[in-house]
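Chains A and B, in that order, are what the protein sequence lines are. Okay, so the first sequence: first residue is 1 according to the UniProt record's numbering, each after it adds one. Okay, so the second sequence: first residue is 1 according to the UniProt record's numbering, each after it adds one.
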Amino acid sequence: MDLDQNAVLRRYATAVDAAHGELTRLDRHSGDGDFGDNLRAGLRAAAARHDRTGGPAFAVLGEVFLDEVGGTSGPLFGLLFTEIARALAADPGAFASGAAAGLGAIRRVGEAEIGDRTLVDALAPAVDALHGPRPFAAAARAAADGAARTAGLRARRGRASYLGDRALGAADPGAAGIALLFWAVASVAEPDDDVPPPF
Amino acid sequence: MATDRTTPGGPFLPADGDPVPPALRGFARAHAALVELRDDPPHLLARDRAPARRVGLVSGGGSGHEPLHAGFLGRGMLDAVAPGKVFASPHNRQVLAASRAAAGPDGVLHVVKNYTGDRINFGIAAERLRLAGIASRRVLVDDDVATDSADTATGRRGTAATVVVEKLLGGAADAGLGLDELADLGARVAAASRSLAVASRAQTSPHTGRPAFDLEPGEIEYGVGIHGERAARSVPRPPTADLVARMLDAVTAALPDGPGDVLVVVNGLGGTTPLELYGLYDLVAGDLDRRGLTVADALVGTFVPALDMAGFSLTLTRLRPEWRPWWDAPAVTPAFPRANGAA
Numbered sequence: 001m002d003l004d005q006n007a008v009l010r011r012y013a014t015a016v017d018a019a020h021g022e023l024t025r026l027d028r029h030s031g032d033g034d035f036g037d038n039l040r041a042g043l044r045a046a047a048a049r050h051d052r053t054g055g056p057a058f059a060v061l062g063e064v065f066l067d068e069v070g071g072t073s074g075p076l077f078g079l080l081f082t083e084i085a086r087a088l089a090a091d092p093g094a095f096a097s098g099a100a101a102g103l104g105a106i107r108r109v110g111e112a113e114i115g116d117r118t119l120v121d122a123l124a125p126a127v128d129a130l131h132g133p134r135p136f137a138a139a140a141r142a143a144a145d146g147a148a149r150t151a152g153l154r155a156r157r158g159r160a161s162y163l164g165d166r167a168l169g170a171a172d173p174g175a176a177g178i179a180l181l182f183w184a185v186a187s188v189a190e191p192d193d194d195v196p197p198p199f
Numbered sequence: 001m002a003t004d005r006t007t008p009g010g011p012f013l014p015a016d017g018d019p020v021p022p023a024l025r026g027f028a029r030a031h032a033a034l035v036e037l038r039d040d041p042p043h044l045l046a047r048d049r050a051p052a053r054r055v056g057l058v059s060g061g062g063s064g065h066e067p068l069h070a071g072f073l074g075r076g077m078l079d080a081v082a083p084g085k086v087f088a089s090p091h092n093r094q095v096l097a098a099s100r101a102a103a104g105p106d107g108v109l110h111v112v113k114n115y116t117g118d119r120i121n122f123g124i125a126a127e128r129l130r131l132a133g134i135a136s137r138r139v140l141v142d143d144d145v146a147t148d149s150a151d152t153a154t155g156r157r158g159t160a161a162t163v164v165v166e167k168l169l170g171g172a173a174d175a176g177l178g179l180d181e182l183a184d185l186g187a188r189v190a191a192a193s194r195s196l197a198v199a200s201r202a203q204t205s206p207h208t209g210r211p212a213f214d215l216e217p218g219e220i221e222y223g224v225g226i227h228g229e230r231a232a233r234s235v236p237r238p239p240t241a242d243l244v245a246r247m248l249d250a251v252t253a254a255l256p257d258g259p260g261d262v263l264v265v266v267n268g269l270g271g272t273t274p275l276e277l278y279g280l281y282d283l284v285a286g287d288l289d290r291r292g293l294t295v296a297d298a299l300v301g302t303f304v305p306a307l308d309m310a311g312f313s314l315t316l317t318r319l320r321p322e323w324r325p326w327w328d329a330p331a332v333t334p335a336f337p338r339a340n341g342a343a
């Protein structure tokens with residue numbers, strides 16, 4: 001089945017709007033507090049650009065997040081969107097291989113391992129889950145579980161690594177942003193599974 | 001707080017806005033024969049490159065470290081640089097634009113100082129270059145002994161050894177080495193280099209016109225980086241000869257085994273005069289002599305400052321004999337000293 005990319009973009013933007021306060025709270029706990037702002041601004045800019053230009057939504061997301069979104073995590077999201085866009089352009093059923101390529105790029109750039117308390121802790125299990133039955137719902141659940149687990153991890157990468165144990169107790173905001181993405185994909189591609197929004 | 005224009009001792013910066021754009025424009029005007037400034041996003045290019053060069057050399061990083069990075073643009077050193085805001089990494093778009101403009105038939109080599117923001121932004125640019133079909137590799141400079149700790153995943157910071165890496169890579173690139181050969185060379189030079197820095201006064205904050213942090217009388221910051229942050233510790237200030245000896249103890253202990261010939265960089269952090277730096281080099285050269293190390297060549301001056309911090313860094317690189325021609329090769333840039341030959 002071909003993924004409705006436009007619907008994913010709108011659903012993701014709506015979900016991040018709704019979770020903006022929680023994302024900000026999480027980033028105030030472990031970062032510099034602007035992650036919710038950056039993610040929301042990037043999604044709004046992508047939706048506006050997509051209204052003007054049309055085309056595959058993941059390609060627009062990739063351009064906007066790589067070129068315009070500040071911080072370090074915004075452009076990392078841009079790499080994931082770009083790899084998904086490339087895969088879907090070649091084969092509309094290739095979401096899983098695109099997400100895997102995005103994970104590969106993010107790991108090369110950020111040099112993070114699973115357990116370092118970064119967005120990789122949500123993205124890697126989601127990519128694995130895309131190979132089973134009902135792949136999108138399974139990936140959404142895996143991403144949400146992975147994001148939730150980061151609350152118990154001590155950071156080895158990123159700004160939270162300077163905080164030591166003080167970052168414990170709240171999920172990594174980047175991982176939460178990834179969980180929201182996979183929720184948006186699942187709610188569009190497999191709506192009858194009715195996965196609840198993770199944040 | 002008064003504006004920086006009226007604060008006693010305040011820097012001569014624009015009273016409002018970002019000081020980097022006017023400085024980039026002034027730099028490009030002052031060195032118009034050598035470099036070109038391009039906008040949207042901002043990056044700088046060398047006008048001239050050796051015909052045999054197959055790989056574009058690209059560096060960049062935060063501003064406030066002048067003459068690094070743009071001062072080393074030109075024949076024999078860098079092809080393009082991406083300047084960030086003060087003490088902040090350039091955006092990946094800037095690195096991408098600089099890389100596209102500089103790429104040779106064999107791609108681009110990124111010279112990156114080890115700071116998280118620089119690693120990530122150069123890394124994202126490298127991914128985008130890969131998608132565009134342009135080969136790239138990275139040399140990571142991580143020379144700062146003060147941050148050599150097994151407790152974190154971040155590793156040693158990159159500081160003044162960057163100049164040595166860029167000079168040797170520039171000479172080698174002009175000789176026609178390929179991307180993988182240059183990346184391997186850069187890694188070997190970085191691995192053969194160690195630095196340590198101290199400061200007796202913080203840099204002036206561009207926002208307040210006052211020192212960014214205060215030191216107790218009689219103390220120095222031991223182990224500062226180049227982004228204006230405090231060191232891990234303040235120590236009582238010893239006589240300068242003892243301070244130099246202590247720093248060289250730490251640097252030589254951390255230096256990997258290799259040839260006894262060393263390149264030396266005595267680098268000012270922005271608020272240290274040539275009178276002081278040459279006096280420091282006299283102490284350094286005498287001390288290295290007693291340790292049985294031979295000075296192959298020395299750079300003495302302000303190459304990698306932290307705005308106007310009063311302090312200096314010492315860098316040693318074990319110079320392999322086969323690297324010597326690349327060190328001696330001409331470098332026609334705004335800031336690399338052309339006439340060498342130290343003792």
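For every residue, glycine included, the Cβ atom is placed at its ideal position computed from N, Cα and C.
Buried or exposed, going by whether 16 or more other CB atoms sit within 10 Å of the CB of residue i?
| i | result |
| --- | --- |
| PRO274/B | exposed |
| GLY107/B | buried |
| GLY260/B | exposed |
| THR3/B | Any reading at THR3/B must be qualified, since the residue scores a pLDDT of 47, below 50, and its modelled position is unreliable; no value is offered. |
| HIS69/B | buried |
| THR147/B | buried |
| ASP165/A | exposed |
| ALA105/A | buried |
| THR315/B | buried |
| SER149/B | exposed |
Measuring only the C-alpha atoms, how far is residue i from residue j?
| i | j | result |
| --- | --- | --- |
| PRO92/A | ASP2/A | 5 angstroms |
| PRO8/B | GLY301/B | 26 angstroms |
| PHE182/A | PRO211/B | 48 angstroms |
| GLY61/B | SER187/A | 42 angstroms |
| MET1/B | GLY10/B | Reliability fails at MET1/B, whose pLDDT of 43 lies under 50, so the model's placement of it is uncertain and no value is given. |
| GLY26/B | LEU129/B | 30 angstroms |
| SER30/A | GLU276/B | 43 angstroms |
| ALA18/A | LEU119/A | 20 angstroms |
| PRO256/B | ALA191/B | 8 angstroms |
| GLU219/B | ALA197/B | 14 angstroms |
| ALA137/A | GLY146/A | 14 angstroms |
| residue 401/B | LEU177/B | Residue coverage of chain B in this structure runs from 1 to 343, which leaves residue 401/B outside it and unanswerable. |
| ALA96/B | ALA125/B | One detail in the question is off: residue 96/B reads as Leu in this sequence, not Ala. When rounded, the distance between both Cα atoms is 5 angstroms. |
| GLN123/A | LEU13/B | As written in the sequence, residue 123/A is Leu, which differs from the Gln given in the question. Roughly 45 angstroms separates the two Cα atoms. |
| ASP40/B | GLU68/A | 12 angstroms |
| GLY228/B | VAL251/B | 21 angstroms |
| GLY117/B | ALA171/A | 22 angstroms |
Are the C-beta atoms of residue i and some chain C residue less than 8 angstroms apart?
| i | result |
| --- | --- |
| ARG137/B | Going by chain labels, chain C is absent from the structure shown, which instead holds the protein chains A and B. |
Checking contacts by CB at 8 angstroms: is residue i closer than that to chain B?
| i | result |
| --- | --- |
| ALA89/A | no |
| ALA105/A | yes |
| VAL64/A | no |
| PRO56/A | no |
| PRO198/A | no |
| LEU168/A | no |
| THR118/A | no |
| ASP67/A | yes |
| VAL109/A | yes |
| LEU79/A | yes |
What residue does the alpha helix (DSSP H) around residue i start on, and which one ends it?
| i | result |
| --- | --- |
| PRO83/B | From DSSP, PRO83/B is part of no alpha helix (DSSP H) but of the beta strand (DSSP E) over 80-86. |
| ALA126/B | 116-131 |
| THR82/A | 73-90 |
| PHE95/A | 95-110 |
| GLY146/A | 135-149 |
| GLY186/B | 179-191 |
| SER149/B | Run containing SER149/B: none; DSSP gives neither H nor E here. |
What residue does the beta strand (DSSP E) around residue i start on, and which one ends it?
| i | result |
| --- | --- |
| PRO238/B | Run containing PRO238/B: none; DSSP gives neither H nor E here. |
| HIS43/B | 43-46 |
| PHE58/A | That residue, PHE58/A, is in no beta strand (DSSP E); its alpha helix (DSSP H) goes 57-67. |
I'd like to know whether the C-beta of residue i is nearer than 8 angstroms to at least one C-beta of chain A.
| i | result |
| --- | --- |
| ILE120/B | yes |
| LEU185/B | no |
| ASN114/B | no |
| GLY127/B | Checking the sequence shown, residue 127/B turns out to be Glu, not Gly. Interface residue, yes. |
| ALA146/B | no |
| ASN267/B | no |
| LEU131/B | yes |
For a test of your reading of the model: does the CB of residue i fall under 7 angstroms from any non-hydrogen atom of the ligand NAD? Yes or no.
| i | result |
| --- | --- |
| LEU9/A | The ligand NAD is absent from the structure shown, which contains no ligand whatsoever. |
Problem set entry | Given 8 angstroms, three or more beta-carbon pairs between the segment 76-92 of chain B and the segment 32-50 of chain B | yes
Exercise. Do the segment 41-55 of chain A and the segment 18-34 of chain B meet, that is, are 3 or more Cβ pairs less than 8 angstroms apart?
Worked result: no
Exercise. Would you call the segment 3-16 of chain A and the segment 188-196 of chain A in contact, with 3 or more CB pairs under 8 angstroms?
Worked result: yes
Exercise. Does the segment 118-134 of chain B come close enough to the segment 160-177 of chain B to have 3 or more Cβ pairs within less than 8 angstroms?
Worked result: no
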